[in-house]
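Undergrad:
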Amino acid sequence: MKLEVVGQSVIRVDGLAKLRGKATYPQDLYMDNMLYGKTLRSIKPHANIRLNISKAEKMEGVIKILTYKDVPHNHYGVLFKDHEVFSSTKVRSIGDPLAFVVATSDKIATKALEEIEVFYEDLDAVFDPIEAMQDNAPKVHDKSNIVYKYQLRKGDVDKAFQQCDVIIEEEYKTSMVDHAFLQPEAGLAYQENETFVVCAATQYPHFDQLEIAEALEVPLEKVRVINPAVGGAFGGREDITMQIHLALATKLTGRPVKTIYSRQESFVAHSKRHPLIMKYKTGANKEGKLLAMEATIVGDTGAYASWAINILRKSGVHATGPYEIPNVKVDSYAVYTNNPFAGAMRGFGATQVPIAHEQQMDMLAEKLNINPIEFRLINCFRKGSTTATGQILEESIPLVECIEAVEKSLKQTTQGGV
Amino acid sequence: MKKISLKINGKEYNVEIEKDMRLLDLLRDQLHLTGTKEGCGEGECGACTVIMDGVTVNSCMVLAFQADGSEIITIEGLDKGDKLHPIQKAFLDEGAVQCGFCIPGMVLSAKALLDKKPSPSRKEIREGISGNLCRCTGYNKIVDAIDKASQYLKEEGEEK
Amino acid sequence: MKKRGIGYASTFYGTGYGNGFPDISRAIAELGKDGNVYIYVGATEVGQGAKTILSQIAAEALGIDFSKITFICEDTSITPDAGTAAASRQTYNTGNAIKLAAEELKREIMNVASEELNVNTTNIQEYLKKIADIKGDKVIRKDGIFTASTTEMDVETGQGNPYYPYTFSVYGVEVEVDTSTGIVEVLRAACGQDVGRAINPKLIEGQIDGGFSMGLGYAIMEDLNVENGKIKHDRFTSYLIPTALDMPDIDKIIVEDPESTGPYGAKGIGEPVLIAVAPAILNAIYNAVGVRMTEVPVTPEKLLKALREKERGA
């Protein structure tokens with residue numbers, strides 16, 4: 002097939018506006034008669050709470066202070082509805098939203114935050130996911146902290162390890178990291194023809210629309226989400242941040258309401274990459290053929306599940322790396338703690354496991370005295386390979402080509418660039 | 007309130023400002039020159055970079071009254087209507103833009119660099135934009151673009 | 007002392023929501039009154055280039071110039087649901103939905119050209135405005151729906167076909183470790199990236215550079231340093247991400263092996279370009295100084311400590 006447009010490096014259509022400073026990100030929106038919102042957030046990781054907003058409410062310029070009492074349906078979340086729009090009786094992590102002050106200026110809203118009294122009654126908290134898995138650990142929600150377990154069983158690992166000439170066992174840990182997109186969260190909401198219009202940067206406008214409609218208990222078509230220029234996302238704009246706050250604020254005040262998060266607030270407001278603890282055992286025979294792999298993976302999802310199920314599942318499915326291994330056993334857990342909540346981030350569980358499986362590969366290669374490239378070529382997926390989940394890879398499997406191309410490039414003696 | 011006058015993108019402004027107002031807020035909230043972005047509010051990310059009297063500043067770290075009498079260039083001051091500035095054109099041609107939030111500041115840092123040093127090495131380019139964070143591009147196409155902009159500017163100079 | 011080492015990593019990545027979860031993209035292609043083609047779709051441009059790539063797919067399917075396409079994705083009131091801009095699914099899933107909608111639109115335009123203008127052609131570009139004028143207020147709109155292939159895995163054994171398709175990536179890096187400071191510098195890198203078919207090579211290269219930067223941060227810099235539930239590194243003064251000075255130039259090798267179910271053979275690459283970066287760096291660190299770093303990020307402090315422990319052991 003001859004292709005005309007596909008395959009061409011055409012100039013990106015949104016580039017010009019961005020280069021001229023004309024692309025509109027949510028913080029660039031202004032409306033007449035606009036109010037400003039600020040979010041009050043928990044400073045405790047696990048506590049019963051009570052709020053007194055009476056002093057803040059009376060401040061000049063404060064129009065409305067939203068709390069859980071104002072939310073028709075106070076729950077949301079991408080899979081489980083385990084987030085509260087505003088915490089009602091307890092907080093589960095630092096950063097949980099408690100209230101949203103709507104005022105005539107940003108300054109007044111900020112000042113009013115300080116005038117809200119929050120009474121915290123500390124609860125035992127758990128920050129280590131392994132501890133959180135124990136029966137006697139403090140419960141983040143009123144149930145087991147183990148949100149999910151994925152298990153993979155293929156062949157017989159115990160028998161296969163006995164046939165291995167080399168075995169490597171190691172434990173790996175990854176850190177909690179942030180998307181750090183350059184555009185901090187911002188949004189503006191207003192009413193138009195009895196519809197609540199929310200402008201915010203999101204990865205999935207139609208899902209935001211659904212979550213806003215559910216929280217406000219209004220029909221879906223009464224909510225319109227406008228997604229102007231998005232300043233990076235990487236998974237960090239999957240979960241709602243201020244969308245419901247803004248929609249509710251414009252509903253209750255009748256005026257446009259805008260909010261912009263500072264960088265520090267952005268860090269606490271959106272999800273994080275799941276830190277994983279990965280215990281690996283991998284074995285091969287002396288010819289360099291992988292025979293068995295066993296992995297136990299524990300992911301700390303913090304106080305809310307977000308996409309934890311899908312992420313730890315993806316970790317489990319990708320735990321072998323792109324290699325054919327006839328005997329595989331994987332247990333992959335997602336666990337609640339009182340840490341900041343973790344969710345989607347570029348790679349989605351498949352970013353963490355290569356930290357383990359690729360170092361296992363190099364260690365095995367070293368023990369076998371085989372070049373790491375050669376070792377990968379012996380074991381890697383090709384057309385017709387079967388994955389650990391039994392999926393047959395039938396086409397577009399150019400891994401060998403990728404490996405050989407990279408090796409060739411690095412072998413060139415001239416160093417590129419600076 | 008305080009009255010100041012300054013020149014922005016060649017145009018004279020006489021504005022009334024609050025004492026604690028940042029230059030960034032003056033540009034964005036009062037004058038609606040929203041091409042200048044705020045990414046961190048503490049001078050670390052460079053998204054709010056503008057050129058003030060020939061040198062780049064983080065406009066979140068400059069109080070508006072400090073800009074009294076100065077000459078400011080923001081991203082809105084670079085292109086002449088339909089005609090892009092050579093740096094903007096190079097960024098477009100090289101595919102240096104992704105989400106775009108860092109781009110106004112990045113382009114102005116590139117301008118300040120090329121004004122001072124018309125033929126920078128790749129290392130000098132990297133140094134010149136090291137105060138501007140970008141999370142999307144990995145910077146390499148931005149470095150390519152500034153390299154190309156250097157050529158474009160020279161070609162433009164020869165035409166004149 | 008400065009020591010150099012080389013490391014490699016290879017990875018695979020399954021596209022889509024996975025595990026049988028309905029993974030559906032919807033798109034609309036419309037011949038506007040002005041004779042341009044409008045694509046309406048709820049797929050977000052997050053910076054990855056969705057607007058450009060998905061417009062290229064539409065232009066290809068219609069056989070018209072890229073400039074005749076207007077892409078609209080910003081408003082739920084006029085766009086159909088195309089799922090989330092995540093799971094590296096927009097090029098593959100939504101690309102397929104747009105291709106279907108555009109092909110339907112082309113068929114209809116060809117029908118009208120045949121019936122109303124007595125023109126039988128697959129080259130519709132020059133007739134777009136005429137046909138738009140003929141149709142007047144009755145604009146031609148066609149839907150495209152694409153549902154990804156995924157099955158639910160067995161609960162006991164985890165067996166099944168959870169994702170489709172898979173994308174493959176390989177990175178190789180050379181690092182230099184300063185054994186007196188623990189600082190790791192990546193000197194050069196190469197990426198072999200399976201793309202199925204490259205829709206826009208320059209945008210793919212941009213994704214590789216960006217993925218490398220994020221992987222570099224993950225390997226040696228980034229940690230929120232959470233203590234008792236509190237993020238200690240909550241600003242860019244303490245949460246360090248790579249700057250232009252930290253990045254090496256990268257030999258970006260795009261490997262094409264078209265996937266028959268992808269739009270023109272294309273697969274998603276947004277996440278794949280990241281995931282092999284950090285382990286390649288870790289393997290290179292070992293190759294340089296002989297210490298196995300099992301926890302990321304490998305900060306200078308951690309690496310120095312490991313180097314000292316190794317010395318003591320030896």
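Protein chains in written order, with the numbering used here: chain A, 2 to 419; chain B, 7 to 166; chain C, 7 to 320. Glycine is no exception: its CB is placed at the ideal position from the N, C-alpha and C atoms.
So what does residue 84 of chain A bridge to, in DSSP terms?
TA: According to DSSP, residue 84 of chain A bridges with A/77.
Undergrad: I'd like the ranges of any beta strand (DSSP E) spanning at least 3 consecutive residues and lying wholly in the region 215-274 of chain C.
TA: Entirely contained in the region 215-274 of chain C, the beta strand (DSSP E) runs reaching 3 residues are, in chain order, 256-262.
Undergrad: Please give the ranges of any beta strand (DSSP E) in the region 114-186 of chain A, keeping only runs that are unbroken, at least 3 residues long and fully inside the region.
TA: Correct list: 118-123, 147-155 and 167-174.
Undergrad: Kindly say whether residue 143 of chain B, judged by its beta-carbon, lies nearer than 8 Å to any beta-carbon of chain C.
TA: Yes, because at least one Cβ of chain C sits closer than 8 Å to the Cβ of residue 143 of chain B.
Undergrad: Which residues bound the alpha helix (DSSP H) around residue 354 of chain A?
TA: Where residue 354 of chain A is concerned, the enclosing alpha helix (DSSP H) stretches over 354-369.
Undergrad: Applying the 10 Å Cβ sphere with the 16-neighbour rule, what's the burial state of residue 89 of chain B?
TA: Exposed: under 16 other Cβ atoms inside 10 Å.
Undergrad: Quick check: what's the CA-CA separation for residue 256 of chain A versus residue 250 of chain A?
TA: Each residue's Cα considered, the two are about 8 Å apart.
Undergrad: Indicate whether the contact test is met: 3 or more Cβ pairs, each with one atom in the region 262-275 of chain A and one in the region 169-182 of chain A, closer than 8 Å.
TA: Touching, per the Cβ criterion.
Undergrad: Mind pulling the beta strand (DSSP E) runs of 3 or more residues that sit fully within the region 26-77 of chain A?
TA: Fully enclosed beta strand (DSSP E) runs of 3 or longer: 36-42, 48-53 and 63-67.
Undergrad: Whole angstroms is fine: what's the gap from residue 36 of chain B's alpha carbon to residue 33 of chain A's?
TA: Spanning the two alpha carbons is a distance of roughly 13 Å.
Undergrad: Closest to residue 24 of chain B by C-alpha separation, out of B/71, B/12 and B/61, would be which residue?
TA: Of the listed residues, the one whose Cα sits closest to residue 24 of chain B is B/71.
Undergrad: In the DSSP assignment, find the unbroken beta strand (DSSP E) run with residue 196 of chain C in it and report its ends.
TA: Unbroken beta strand (DSSP E) run through residue 196 of chain C: 190-202.
Undergrad: Does DSSP put residue 327 of chain A in a helix, a strand or coil?
TA: DSSP places residue 327 of chain A in coil when its eight states are reduced to three.
Undergrad: Does the Cβ-Cβ distance between residue 376 of chain A and residue 389 of chain A come in under 8 Å?
TA: Cβ atoms of residue 376 of chain A and residue 389 of chain A: not closer than 8 Å.
Undergrad: Taking residue 340 of chain A as the query, report the chain C residues whose CB atoms sit under 7 Å from its CB, ordered along the chain.
TA: By Cβ distance, chain C contributes 232 and 235.
Undergrad: Does DSSP classify residue 174 of chain C as helix, strand or coil?
TA: Three-state DSSP puts residue 174 of chain C in a strand.
Undergrad: Tell me whether residue 396 of chain C sits in a helix, a strand or coil according to DSSP, three-state version.
TA: Residue 396 of chain C is absent from the structure shown; chain C starts at 7 and stops at 320.
Undergrad: Chain A beta carbons: is any one of them nearer than 8 Å to that of residue 184 of chain C?
TA: It does not; no Cβ of chain A falls within 8 Å.
Undergrad: Near residue 156 of chain A, which residues of its chain fall below 8 Å by C-beta distance, leaving aside the five closest residues on each side in sequence?
TA: So the qualifying residues of the chain are 293, 327, 328 and 329.
Undergrad: Since residue 473 of chain A meets chain B, which of its residues come closer than 9 Å, beta carbon to beta carbon?
TA: As displayed, chain A neither begins before 2 nor continues past 419, which places residue 473 of chain A out of reach and without an answer.
Undergrad: Looking at the unbroken alpha helix (DSSP H) that takes in residue 403 of chain A, where does it start and where does it end?
TA: Unbroken alpha helix (DSSP H) run through residue 403 of chain A: 400-412.
Undergrad: For residue 267 of chain A, report the span of its alpha helix (DSSP H) as first-last.
TA: 264-270 is the extent of the alpha helix (DSSP H) around residue 267 of chain A.
Undergrad: Residue 248 of chain A: which of A/164, A/240, A/218 and A/41 sits nearest, CA to CA?
TA: Checking every option, the nearest Cα to that of residue 248 of chain A belongs to A/218.
Undergrad: For residue 309 of chain C, count the other beta carbons within 10 Å of its own beta carbon; 16 or more makes it buried, fewer makes it exposed. Which is it?
TA: That one is buried.
Undergrad: Could you confirm whether any beta carbon from chain A is found closer than 8 Å to the beta carbon of residue 242 of chain C?
TA: Yes, residue 242 of chain C counts as interfacial toward chain A.
Undergrad: Output the distance between the C-alpha atoms of residue 57 of chain C and residue 295 of chain C, rounded to the nearest integer angstrom.
TA: Straight-line Cα distance between these residues: approximately 45 Å.
Undergrad: Assuming residue 150 of chain A and residue 334 of chain A are in contact, meaning their beta carbons sit under 8 Å apart, how far apart are those beta carbons, in whole angstroms?
TA: Indeed they touch by this definition, with Cβ atoms about 5 Å apart.
Undergrad: Using the beta-carbon of each residue, which ones in chain A are nearer than 9 Å to residue 88 of chain B?
TA: Going along chain A, no residue has its Cβ under 9 Å from residue 88 of chain B, so there is no contact; the nearest lies around 10 Å.
Undergrad: Note the first and the last residue of the continuous beta strand (DSSP E) segment covering residue 36 of chain C.
TA: Note, residue 36 of chain C: beta strand (DSSP E), 30-37.
Undergrad: Quick check on DSSP: helix, strand or coil for residue 58 of chain C?
TA: Residue 58 of chain C falls in the helix class under three-state DSSP.
Undergrad: Within the 8 Å Cβ cut-off, does residue 121 of chain A reach chain C?
TA: With 8 Å as the cut-off, residue 121 of chain A does not count as an interface residue toward chain C.
Undergrad: Measuring CB to CB, does residue 112 of chain B end up less than 8 Å from residue 146 of chain B?
TA: Cβ distance not < 8 Å, so residue 112 of chain B and residue 146 of chain B don't count as in contact.
Undergrad: Under 8 Å between the Cβ atoms of residue 380 of chain A and residue 273 of chain A?
TA: The answer is no: Cβ separation not under 8 Å.
Undergrad: Is it true that the region 16-27 of chain A meets the region 104-123 of chain B, where meeting means three or more beta-carbon pairs spaced less than 8 Å apart?
TA: Touching, yes.
Undergrad: Quick one: grab the DSSP three-state call for residue 279 of chain C.
TA: Reduced to three states, the DSSP call for residue 279 of chain C is helix.
Undergrad: In the DSSP assignment, what are the bridge partners of residue 64 of chain B?
TA: B/55, per the DSSP bridge assignment.
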